[in-house]
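Please read the structure below before turning to the comments.
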Amino acid sequence: MKKTLVSAGVSQGDAVLMVCRNHIDIAAALLAILHIGAICVPVGADLTIGELTHIIGVSKTKWAVVSEGGVTKVIEAFSSHGPSCLRQLWLLGAVSSIHPTLGERISTVISDSYMMRDDFNSHETVAMMPFSSGTTGLPKGVMVSHRNLVTNHVIAKYLQTLNELSTINIYDSTLLAIPVYHMYGHNVTMNTLMTGGKVVILPKFSPRHYLEAIQNYKVTFAPVVPYIANLLVDSAMMKKYDFSSLFTFAVSSAPIAETTLNALMQKTGKNASQGYGMTETTGPATVSKGEPGCRANEIGQILPFFEGKIILMPPVLLLVVARPNTFRNPVTSIPFEGVLSGITGPRKGGGPLRGLCVPPGCPCYSTVRARPLRRLGRGATAATVLLELSSAQPVRATEYSNPLHLELKHRRRKINELVYRTTLANHHHILAQG
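UniProt numbering puts the first residue of the sequence shown at 1, with every later residue one more than the last.
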């Protein structure tokens, strides 16, 4: 696959658009793009032509890997930038046509043995440029470096060694019903492959197919979104299937109702952890350990290798989770554009936002402990609602060093010494406790 891309003119720093639904060829295409040093731009196949046109213009891509059924739309989006903008298109699938499929191209070349690349800076070189849809405006691009991606896998591996079931690979069989072009789906897919597990791909979701897959493929790990959790809880078929192989559910991408979370755990007899993060953090920054009776509004513990600041700006409590260049330098914040006054915003027109990353190998948690806060008035909103860029064009992150309104104490403890919980909730709960 790497030779196929190189022969088409793809080189280090070039962007390759991947418009795809979940497919078995995705991992091969993605890894080939990354090994060249090119930039993978993964997006969903359900985007409009206007959104694709915007993404092509921002990412400056001239190559595309496309799922079957999406070719016409992608070609039309490229044509908006001129007749010669699209240099080559490959199909994800087995149907032969005027466009070569990945399977056909791979079968005609001899693949290289894997070699470590040492000719680019993994911290600075962009590996992926996912586009976050947010809630307003056009999709916003995020530049994710190779170090960003590796850090997530280091965190996953480190956390597994701390688990009491560390001799068991929870990624032995991962059921993927969430889109792999999303950072959530990408991370669980690559974590599974890294640990030698298998990914069970479910192209389209239905409760029956999902439950059958758990039983038939002995699924051990099931990442879901609240929408899927709701459908499972409401399904009368839950009691007909065997969940004995499953270790845990993971819920992310959006907040889940407390009743839904507890119902999911009660009906399956399995725990369900929640991850909170952004595309800019390249995965979850905090995770709550879901157990029966837990509160769904707890964001849980900050993951290893992350640092955090809690900023009180009534009526909003803001938790900013990021990484430092070193432990003495100012924290690079999750950026804002005209959302909260008092926080330095990113400059406009600076290109896609650069993702946040942390140095692998840090042996401890980096976390914060805030003084008890008073109850905030009606209408107080969890900070995650405000983690939104209002600029239509992607932007770059900036730095700040002055916490607002609230003095913080940074404490770093070894994982087995850490007892810390942060809570974000709505107006009828205390928004933070340390």
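Think of the CB as a built atom: it goes at the ideal place given N, C-alpha and C, for glycine as much as any other residue. Bear in mind that the values here come from a model prediction, so they are computed numbers and not experimental data.
Report all residues from its chain with a CB closer than 6 angstroms to the CB of I110; omit the five preceding and five following residues, and keep chain order. Any reading at I110 is ruled out, since the residue's pLDDT is 45, under 50, leaving its predicted position unreliable.
Counting along the chain, where does the alpha helix (DSSP H) carrying S7 start and finish? Segment K2 to S7, the alpha helix (DSSP H) holding S7.
State the beta-bridge partners of P42 as determined by DSSP. Answer is M18.
Are the Cβ atoms of T286 and L303 separated by less than 8 angstroms? Yes; because the gap between Cβ atoms is below 8 angstroms, this pair is in contact.
For N187, three-class secondary structure by DSSP: N187 falls in the helix class under three-state DSSP.
Just to confirm the assignment, what range does the beta strand (DSSP E) spanning K267 have? DSSP places K267 outside any beta strand (DSSP E); the residue lies instead in the alpha helix (DSSP H), whose first and last residues are E258 to T268.
Pairwise C-alpha distance: G196 and G232: Per the sequence shown, residue 232 should be read as Leu rather than Gly. Roughly 28 angstroms between the two C-alpha positions.
Considering only residues of the same chain and omitting the five flanking positions on each side of I14, which have a CB-CB separation below 6 angstroms? For the sequence presented, residue 14 should be read as Asp rather than Ile. Excluding sequence neighbours, D14 sits near A38.
Who pairs with P223 in a beta bridge, going by DSSP? Answer by DSSP bridge pairing, in chain order: A250.
With a threshold of 8 angstroms on Cβ separation, who are the neighbours of L246 within its own chain once the five nearest residues in sequence on each side are excluded? Excluding positions up to five away in sequence, the list reads I214, V219, T220, F221, A222, T268 and K270.
Start and end residues, beta strand (DSSP E) containing I178: Neither: I178 is in no beta strand (DSSP E) and is coded neither H nor E.
Cutting at 7 angstroms between CB atoms, please list the residues of its own chain near M183, excluding the five before and the five after it. Correct list, in chain order: P130, T279, T282 and G283.
Between which residues of its own chain and A133 is the CB-CB distance below 7 angstroms, once the five residues before and five after are set aside? Note that residue 133 is Ser in the sequence shown here, rather than Ala. P139, listed in sequence order.
Find out if the Cβ-Cβ distance for the pair V41, L17 is shorter than 8 angstroms. Yes, Cβ-Cβ distance for V41 and L17 is below 8 angstroms.
Could you work out which residue in E68, G69 and L52 is closest to K62 when comparing CA atoms only? Of the candidates E68, G69 and L52, the one whose C-alpha sits nearest the C-alpha of K62 is L52.
Around the Cβ of H146, are there at least 16 other Cβ atoms within 10 angstroms (buried) or fewer (exposed)? With 16 or more other Cβ atoms inside 10 Å of its own Cβ, H146 counts as buried.
Nearest-angstrom Cα distance between S173 and S80? S173 and S80 have their C-alpha atoms roughly 42 angstroms apart.
Run through DSSP, which three-state label would G434 get? Only weak support is given to the placement of G434: the predicted model assigns it a pLDDT of 28, under 50, and the value that follows is read from those uncertain coordinates. Looking at G434 - three-state DSSP - the assignment turns out to be coil, as it is neither helix nor strand.
List the whole-angstrom C-beta distance separating D25 from L89, where the pair is believed to meet the contact cut-off of C-beta under 8 angstroms. With a Cβ gap of about 14 angstroms, D25 and L89 do not count as contacting.
Can you tell me the Cα-Cα spacing of E68 and P179, whole angstroms? The alpha-carbon atoms of E68 and P179 are separated by roughly 16 angstroms.
Where P255 falls: helix, strand or coil (DSSP): Note: P255 maps to coil in three-state DSSP.
Three-state secondary structure assigned by DSSP to Q12: For Q12, the secondary structure class from DSSP, reduced to helix, strand or coil, is coil.
Can you name, in chain order, every residue of its own chain whose Cβ lies under 7 angstroms from the Cβ of residue 438, other than the five neighbours on each side? A query on residue 438 cannot be resolved here, the shown segment of the chain reaching from 1 to 434 and no further.
So what does K140 bridge to, in DSSP terms? For K140, which the question treats as bridged, DSSP gives the partners S132.
Same chain, Cβ closer than 6 angstroms to A64, five either side skipped, listed in chain order: Answer for A64: L17, V74 and L89, listed in chain order.
Comparing alpha-carbon positions, which option in A8, G185 and I168 lies nearest V43? Looking at the Cα atoms, G185 is the closest of the given residues.
Go to P207, then tell me how far its alpha helix (DSSP H) extends in each direction, as first and last residue. Judged by DSSP secondary structure, P207 falls within the alpha helix (DSSP H) whose first and last residues are P207 to N216.
Close-in-space but distant-in-sequence residues of the same chain around F243 (CB under 8 angstroms, 5 per side omitted): Apart from the 5 residues on each side of it in sequence, F243 sits with its Cβ closer than 8 angstroms to the Cβ of I214, Q215, T268, G269 and K270 in its chain, given in chain order.
Please classify R208 as buried or exposed, where buried requires at least 16 neighbouring CB atoms within 10 angstroms. So R208 ends up on the exposed side.
Can you round the beta-carbon distance between V19 and G57 to whole angstroms, since I take them to be within the 8 angstroms contact cut? Approximately 15 angstroms separates the beta-carbon atoms of V19 and G57; this is outside 8 angstroms, ruling out the contact.
Run the CB neighbour count on M237, radius 10 Å, all protein chains shown included, and call it buried at 16 or more, exposed below. Exposed, by the Cβ-count rule.
Sorted by chain position, which residues of the same chain lie with C-beta nearer than 7 angstroms to H153's C-beta, five sequence neighbours on each side aside? Excluding sequence neighbours, H153 sits near M190, N191 and M194.
Cβ-based burial, L424 [other Cβ within 10 Å; buried from 16]: Residue confidence for L424 is low, a pLDDT of 26 falling below 50, so the modelled location carries little weight; the figure read from the coordinates is stated next. By the beta-carbon neighbour count (other beta carbons within 10 angstroms, threshold 16), L424 is buried.
Per DSSP, what kind of secondary structure is S79 in: helix, strand or coil? Helix at S79.
Taking C-alpha atoms, which residue in E212, G141, N169 and I256 lies nearest to Y227? Of the listed residues, the one whose Cα sits closest to Y227 is I256.
Quick check on S245: does DSSP put it in helix, strand or coil? In the three-state scheme derived from DSSP, where H, G and I count as helix and E and B as strand, S245 is classed as coil.
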